[in-house]
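Some notes on the structure that comes next.
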Amino acid sequence: METRAAILWEQNAPWSVETITLDPPKAGEVLVEMVASGMCHSDDHARTGDLPAIQPLIGGHEGAGVVMEVGAGVTKVAPGDHVVFSFVPACGHCPSCADGHSNLCDNGAALLVGAQLDGTTRHHASDGTDLWTMVCLGTFGEHTVVNEMSCVKIDDDIPLELACLVGCGVTTGWGSSVYAAEVRPGDNVAVIGVGGIGAAAVQGARIAGARNIVAIDPVELKREHALSFGATHTAPSIGAAHELIQEITWGRGCDKVICAVGVGHGAQIGPIMSLCAKRGRVVVTNIHPADESSIDISLCDLTLMEKQLVGTIFGSANPHSDIPRLMHLYRSGQLDLAGMVTREYPLEEINQGFADMLEGRNIRGVLRYR
322 METRAAILWE QNAPWSVETI TLDPPKAGEV LVEMVASGMC HSDDHARTGD LPAIQPLIGG
382 HEGAGVVMEV GAGVTKVAPG DHVVFSFVPA CGHCPSCADG HSNLCDNGAA LLVGAQLDGT
442 TRHHASDGTD LWTMVCLGTF GEHTVVNEMS CVKIDDDIPL ELACLVGCGV TTGWGSSVYA
502 AEVRPGDNVA VIGVGGIGAA AVQGARIAGA RNIVAIDPVE LKREHALSFG ATHTAPSIGA
562 AHELIQEITW GRGCDKVICA VGVGHGAQIG PIMSLCAKRG RVVVTNIHPA DESSIDISLC
622 DLTLMEKQLV GTIFGSANPH SDIPRLMHLY RSGQLDLAGM VTREYPLEEI NQGFADMLEG
682 RNIRGVLRYR
């Protein structure tokens with residue numbers, strides 16, 4: 322079939338919206354008509370090279386749509402089902418999945434290869450060139466073919482233009498608070514960066530019962546939105562937050578600090594660690610440039626104060642159980658998805674959407690296909 326998609330032909334180039342040819346799904350695969358796709362910073366990391374990705378690439382990994390057709394052997398979903406994509410196609414039986422850490426499924430080794438899990442492609446440019454897809458998904462298109470392991474069925478009455486956010490940013494941010502940071506009732510928490518992931522991390526900390534939640538972001542719009550998501554205080558910088566945190570915690574510091582900035586830098590980790598209390602934990606959720614291999618911290622402070630520095634992917638969540646859980650939180654009014662969507666864009670305006678993201682004008686932009 323023919324459809325349209327946004328293609329990244331080379332690093333640092335703009336996204337090009339073109340008509341492509343899409344093969345039917347093979348065994349274990351699903352054809353999905355997309356309804357919406359979140360515009361996550363990770364897709365821009367693929368454009369800039371901070372995240373290694375093969376080109377030409379159809380971007381997008383935060384999507385939701387309706388199943389149109391299934392390949393042989395598919396049992397998890399059927400035509401007509403509403404699905405959210407998990408950007409990790411969790412198999413359910415590798416050592417990580419069996420141990421309850423499906424965000425680290427062995428299938429993750431294929432995510433930046435760009436092909437389907439069998440090593441071939443379903444997406445092709447008008448001249449026949451094979452097109453790779455972002456993390457085996459390619460949600461920046463009106464239709465896509467994905468493995469059934471990437472599909473999480475949700476109830477039909479949940480708006481797909483909101484549910485798409487749970488495919489990456491919301492689960493990642495919420496899980497960064499609930500799972501990776503292990504926020505407990507009464508904790509003092511700082512969230513650095515209030516984009517899509519940071520806004521969800523603020524909500525996760527609130528739902529987990531944090532006492533104080535300090536949202537740190539240089540953009541006034543994002544600080545204002547953070548208060549509606551549950552932040553109790555805001556600060557425009559790490560330096561300003563340090564003084565505020567010392568005041569509200571009587572000099573102790575934060576029990577948990579979650580890093581959710583656009584692009585991380587090793588030189589920032591030292592000041593971030595200084596926000597932590599004794600036995601405090603810093604969770605690095607955001608992407609650092611792929612070639613960055615050093616950080617600047619006081620190892621004496623790390624040891625003597627028993628501080629922790631941990632990383633997380635997908636918020637240490639289990640997508641096939643946590644995406645339905647988050648849908649329940651949305652339904653019960655505890656998780657605000659609508660407030661996270663600042664603006665919707667047609668596919669033709671994808672480059673404007675990313676420009677708005679980089680300029681700090683959006684919490685989350687969403688591409689709307691229908």
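Read in order, the letters of the sequence shown are residues 322 to 691 in our numbering. No residue lacks a Cβ here, since even glycine has one placed at the ideal position from N, Cα and C.
Determine which residues share a DSSP beta bridge with G693 and list them. Because residue 693 is not part of the residues shown, which for the chain are 322 to 691, the question remains open.
Which value, in whole angstroms, describes the spacing of the CA atoms of V391 and P416? The straight-line gap from Cα to Cα measures roughly 28 Å.
Are the beta-carbon atoms of M360 and P345 separated by less than 9 Å? By the CB criterion at 9 Å, M360 and P345 fall outside the cutoff.
Cβ-based neighbour list, A334, same chain, cut-off 8 Å, excluding 5 preceding and 5 following: Apart from the 5 residues on each side of it in sequence, A334 sits with its Cβ closer than 8 Å to the Cβ of R368 in its chain, given in chain order.
Can you tell me which of the three DSSP states S337 falls into? DSSP places S337 in strand when its eight states are reduced to three.
What are the partner residues of K577, as DSSP defines its beta bridges? DSSP output for K577 lists V510, R602 as bridge partner(s).
Using a Cβ distance threshold of 8 Å, determine whether the region 482-500 contacts the region 588-603, with at least three qualifying pairs required. Result no; under three Cβ-Cβ pairs closer than 8 Å.
With 16 other Cβ atoms within 10 Å as the buried cut-off, status of C621: Its Cβ having fewer than 16 others within 10 Å, C621 is exposed.
List the residues that DSSP assigns as beta-bridge partners of K474. K474 is bridged to V404.
Test item: CB-CB of V338 and E482 under 9 Å: With respect to E482, V338 sits apart: the two C-beta atoms are not nearer than 9 Å.
Does the region 415-431 come within contact of the region 633-649, defined as at least 3 CB pairs closer than 8 Å? Touching, per the Cβ criterion.
Name the residue from G572, L565, E564, I559 whose alpha carbon lies nearest to the alpha carbon of I579. The option with the nearest alpha carbon to I579 is I559.
Report the three-state DSSP secondary structure of I566 (helix, strand or coil). In the structure shown, I566 sits in a helix (DSSP, three-state: H, G or I).
Unbroken beta strand (DSSP E) run spanning T324, endpoints: Here the beta strand (DSSP E) through T324 covers 323-329.
Can you grab the Cα-Cα spacing for the pair G583 / H362, in whole Å? So the two alpha carbons sit approximately 7 Å from each other.
DSSP puts G632 in a beta bridge; with which residues? Per DSSP, V605.
Return the CA-CA distance between T553 and V515, expressed in angstroms with no decimal places. So the two alpha carbons sit approximately 14 Å from each other.
Excluding the 5 residues flanking F461 on each side, which residues of the same chain have their C-beta closer than 8 Å to its C-beta? Spatial neighbours of F461 in its own chain (CB-CB distance under 8 Å, excluding positions within 5 residues in sequence) are listed in chain order as A326, A327, W336, S358, D364, I379, G380, G381, M455, L668, I671, L688.
Using DSSP's beta-bridge definition, name the partner residues of L452. In DSSP, L452 forms a bridge with H444.
Can the beta-carbon of G660 be found less than 9 Å from the beta-carbon of S498? Contact: no.
I'd like to check one pair, V409 with G429: are the Cβ atoms closer than 9 Å? Yes. Within cutoff.
So, using beta-carbon positions, are A526 and V540 closer together than 9 Å? For A526 and V540, no; Cβs fall outside 9 Å.
Can you tell me where the alpha helix (DSSP H) holding G686 begins and where it ends? It is not in any alpha helix (DSSP H) - G686 instead sits in the beta strand (DSSP E) that spans 685-689.
With a cut-off of 8 Å on the beta carbons, I'd call V353 and T465 a contact; round off their distance for me. Taking C-beta atoms under 8 Å as the contact rule, V353 and T465 qualify, at a distance of about 6 Å.
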